[in-house]
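So the sequence shown is residues 1 to 118, counted in the UniProt record's numbering. From the three backbone atoms N, C-alpha and C, an ideal C-beta is built for every residue, glycine too.
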Amino acid sequence: KLLYHLEKEEQMPDGMCIDAEGKLWVACIDGGRVIRIDPETGKRIQTVKLPTPRITSCCFGGKDYSEMYVTSAYDGLDETTLAKEPHAGEIFKASEFSFILCITGLGVKGIPQNFYAA
Numbered sequence: 001k002l003l004y005h006l007e008k009e010e011q012m013p014d015g016m017c018i019d020a021e022g023k024l025w026v027a028c029i030d031g032g033r034v035i036r037i038d039p040e041t042g043k044r045i046q047t048v049k050l051p052t053p054r055i056t057s058c059c060f061g062g063k064d065y066s067e068m069y070v071t072s073a074y075d076g077l078d079e080t081t082l083a084k085e086p087h088a089g090e091i092f093k094a095s096e097f098s099f100i101l102c103i104t105g106l107g108v109k110g111i112p113q114n115f116y117a118a
C-alpha cells in the first residue's frame, strides 16, 4: 500500500523514524528537509527545512526524546556545490560551540528505540 507520494521538492525518501504519536518522519535526500506524515490519512502534516540538501536520516533523542537529530551527506556533491553548501555532511543537533543545529519545538516527542537480542 502506498502511504505517501513525495512532492517534487521533497525528492527521495531516505532514513525514517516514528514519533510518540505514531507519525512517520522522513528524511528527504536532495530535498533539504524532514517531513512528518500521518499514516492514517497519508497526508504530510509538518515540514522542517534544513540548511543543506542531502538529508539522510532522522531520530529522536535527548532526555525526554523531544530533540530530533538529523544526518546529512556530502557524497556526490562537486566542489562548486560544496562551496555553496557548507553544512553538507554534518549532523544537526544543538550546541553553541559547534556547527550542529538542534531541531526542537516540534510539538511532539519520539519513542525509545527497540533493542533486539542477538
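Inter-residue Cα distance where the pair is residue i and residue j
i, j, result
"Asp30", "Met12", "7 Å"
"Pro51", "Lys1", "32 Å"
"Glu96", "Ser66", "The predicted model places Glu96 with a pLDDT of 34, which falls under 50 and marks its position as unreliable; any figure quoted below should be read in that light. Spanning the two alpha carbons is a distance of roughly 18 Å."
"Thr81", "Glu10", "19 Å"
"Gly38", "Trp25", "A small fix is needed here, since residue 38 is Asp in this sequence, not Gly. Approximately 9 Å between the Cα atoms of the pair."
"Phe60", "Ile45", "18 Å"
"Asp64", "Asn114", "16 Å"
"Asp14", "Ile35", "11 Å"
"Lys23", "Gly110", "10 Å"
Boundaries of the alpha helix (DSSP H) in which residue i is found, first to last residue
i, result
"Ala83", "79-84"
Span of the beta strand (DSSP E) around residue i
i, result
"Pro13", "12-18"
"Ser72", "67-72"
"Val48", "43-49"
"Thr56", "55-61"
Test item: CB-CB of residue i and residue j under 8 Å
i, j, result
"Val108", "Ala20", "yes"
"Gly62", "Lys49", "no"
Selection from the options that minimises the alpha carbon distance to residue i
i, options, result
"Pro112", "Lys8, Cys17, Tyr4", "Cys17"
"Thr41", "Tyr4, Asp14, Cys59", "Tyr4"
"Glu7", "Lys43, Leu24, Gly15, Asp38", "Lys43"
Is the region 47-61 close to the region 71-81, with three or more CB pairs under 8 Å?
yes
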